[in-house]
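Asks: Residue numbers (the numbering used here): 1 to 103. Cβ atoms here follow ideal geometry from the backbone N, Cα and C, with glycine treated the same way. None of the values given here were measured: they were computed from a predicted structure. I have a structure here, written as structure tokens, and I will follow up with some questions on it.
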């Protein structure tokens, strides 16, 4: 399954990114697969993993948290993501929408 992310910071669309690996790390640090340059997220903030047809999110112990809609993710716990209509929120200002790409 291929996925595309639409990333907004403070309500302004910043970028689109495709998830090309089974595990993709999002953060502001140089080791992140998808970099978002804003101080409100951690260097390695969130992992998105694709396993078959399922998507899992893991907050990597971030300072400001990760959320599905308004529900916080427990740090370092792999959580099934199955609600494509809700945004993923990193900290207070980064919003990510995930959509499936046609093969």
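(1) Alpha carbon to alpha carbon, how far is residue 68 from residue 89? Give it in angstroms, no decimals.
(2) Indicate the three-state DSSP secondary structure (helix, strand or coil) for residue 106 in the structure shown.
(3) Could you pull the DSSP bridge partners for residue 16 from this structure?
(4) To the nearest whole angstrom, what separates the beta carbons of residue 57 and residue 45, a pair I think is in contact under 8 Å?
(5) Nearest by alpha-carbon distance to residue 96: which of 77, 27 and 53 is it?
(6) If you measure between the beta carbons of residue 101 and residue 35, is that distance less than 8 Å?
(7) Nearest CA to the CA of residue 55: which residue from 93, 23, 62 and 72?
Replies: In short, the structure shows the following:
(1) The residue labelled residue 89 in the question sits at position 89 within the chain shown. The residue labelled residue 68 in the question sits at position 68 within the chain shown. Their Cα atoms are separated by approximately 6 Å.
(2) Given a span of 1 to 103 for the chain in the structure shown, any question on residue 106 remains unanswerable.
(3) Residue mapping note: residue 16 aligns to position 16 of the chain shown, counting from 1. Beta-bridge analysis with DSSP links residue 16 to 6.
(4) Start at 1 with the first residue of the chain shown, and residue 57 comes out as number 57. Start at 1 with the first residue of the chain shown, and residue 45 comes out as number 45. Actually they are not in contact, since the Cβ atoms of residue 57 and residue 45 sit about 11 Å apart, beyond 8 Å.
(5) By 1-based counting over the chain shown, the position of residue 96 is 96. Put simply, of 77, 27 and 53 the residue whose alpha carbon is nearest the alpha carbon of residue 96 is 27.
(6) Position 101 of the chain shown, counting from 1, holds the residue named residue 101. Position 35 of the chain shown, counting from 1, holds the residue named residue 35. Going by C-beta atoms, residue 101 is not nearer than 8 Å to residue 35.
(7) Sequence index remark: in the chain shown, residue 55 carries index 55 (1-based). Minimum Cα distance to residue 55 is reached at 23.
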